[in-house]
Amino acid sequence: MNKRILSAKHVSNFENMFKCPICGSSIKVFEYRSLVCINRHTFDFTKYGYINLFPRPIKTKYSKELFEARKRITENGFFGLLTETVAESIKNHVKKKDVTILDMGCGEGSHLSQLCDNIGSHVTGFGIDIAKEGVLIASKYHSNQIWAVADLANTPFQDKQFDVVLNILSPSNYAEFKRIIKCDGLVVKVVPQNNYLKELREFYFDDPEKQSYSNTETIDRFCESFQLINRSRLCYSVKLEKPFLPSLIQMTPLTWGVTEERVNTVLQKETVTITVDLEILIGKTF
Ligand SMILES: C[S@@+](CC[C@H](N)C(=O)[O-])C[C@H]1O[C@@H](n2cnc3c(N)ncnc32)[C@H](O)[C@@H]1O
Ligand SMILES: [Zn+2]
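UniProt numbering puts the first residue of the sequence shown at 1, with every later residue one more than the last.
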């Protein structure tokens, strides 16, 4: 059976969770080909299995090359400790028979896929991203999850559907998160901390301090919307050998606008040790 049909069959088990992103009415899988609403708005499954639920074509700055690089770096274990830590938190806080997780801004899908594998077969993962280039890779390599191109500020889901909302290094829309999360649901937001990729910033900028991250506002805003039940910092370093350096520089928006000369200083190294410094915020709805 081809991927389009397999994916449509999978989605049909969860179709009640979806709504039409245009008119908001319920939406059903039709002939294992499309999702169609009662007003006939139609969204086809692609040959890779994902659905495009963003109402109009959109080009973002996130390219196929960026997501491929992110996938390569992630598969090499760069974010391994992060996924393990997040998986443990979810296991500790969500003790249910069937668990639904939505990754908001899932990119190329490796985090969600690794998390679902780690947590267990009772979990169904949904990943959305506004960049088609990311969702395409996600659906190509991870068939066990449901993938869609969609805007996290206007998601194609009914109210109160998800046990866990994940949001890793991506923008947020807390009003929308609150709308689609179940009353006892968990929000896991991962934000960069001061030393995240600091070595790259040192190579790239004369004044790397200027480029450092300040999280105070992000954390305050999170706490206005959710009851913060845990906050933890995860800081470690990863040594990357020469063959991974092109992927390192391509995987991050930090490189956008940096001169070729600066980028070459990184590419010429034999190895680079890079700091991963992240904050994991875990919240519940009030
Ligand atoms: C730095 S990437 C992180 C991707 C992934 N979570 C990861 O950690 O590899 C930020 C992601 O947010 C996505 N994004 C930005 N605005 C979005 C929106 N309005 N709706 C959905 N995704 C969005 C981008 O397309 C991009 O994939
Ligand atoms: Zn509709």
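Think of the CB as a built atom: it goes at the ideal place given N, C-alpha and C, for glycine as much as any other residue.
Buried versus exposed, by CB contacts within 10 Å (16 or more), residue i
i	result
Tyr-236	exposed
Ala-8	buried
Asn-92	exposed
Arg-56	exposed
Phe-244	buried
Trp-147	buried
residue 299	This structure gives no information on residue 299, because the portion of the chain shown stretches from 1 to 286.
Ile-181	buried
Ile-274	buried
Selection from the options that minimises the alpha carbon distance to residue i
i	options	result
Thr-252	Lys-160, Lys-71 and Leu-152	Lys-71
Ile-64	Pro-57, Leu-136 and Tyr-48	Going by the sequence as given, residue 64 is Lys instead of Ile. It is Leu-136 whose Cα lies nearest to the Cα of Lys-64.
Gln-114	Ile-128, Ala-87 and Glu-133	Ala-87
Asp-103	Ser-89, Phe-126 and Glu-84	Phe-126
Gly-52	Val-238, Gly-185, Lys-239 and Ser-139	Position check: residue 52 holds Asn in this sequence, whereas Gly was assumed. Out of Val-238, Gly-185, Lys-239 and Ser-139, Ser-139 has the C-alpha closest to the C-alpha of Asn-52.
Glu-209	Arg-201, Leu-152 and Lys-160	Arg-201
Lys-59	Asp-207, Ala-131, Glu-217 and Lys-198	Ala-131
Host alpha helix (DSSP H) of residue i (start-end)
i	result
Pro-171	Note, Pro-171: premise wrong, no alpha helix (DSSP H); not H, not E.
Val-266	260-267
Residue interval of the beta strand (DSSP E) (run including residue i)
i	result
Ser-12	It is not in any beta strand (DSSP E) - Ser-12 instead sits in the alpha helix (DSSP H) that spans 3-12.
Cys-223	Unbroken run through Cys-223 is the alpha helix (DSSP H), 216-225; no beta strand (DSSP E).
Phe-54	That residue, Phe-54, is in no beta strand (DSSP E); it is neither H nor E in DSSP.
Gly-283	271-284
DSSP three-state assignment for residue i, whether helix, strand or coil
i	result
Ala-150	coil
Ile-119	helix
Leu-166	strand
Gly-77	coil
Gln-193	coil
Ser-63	coil
Tyr-213	coil
Cβ pair residue i, residue j closer than 8 Å
i	j	result
Ser-232	Lys-3	no
Asn-194	Ser-212	yes
Ile-168	Val-190	yes
Asp-277	Tyr-204	no
Gly-134	Tyr-62	yes
Leu-234	Leu-112	no
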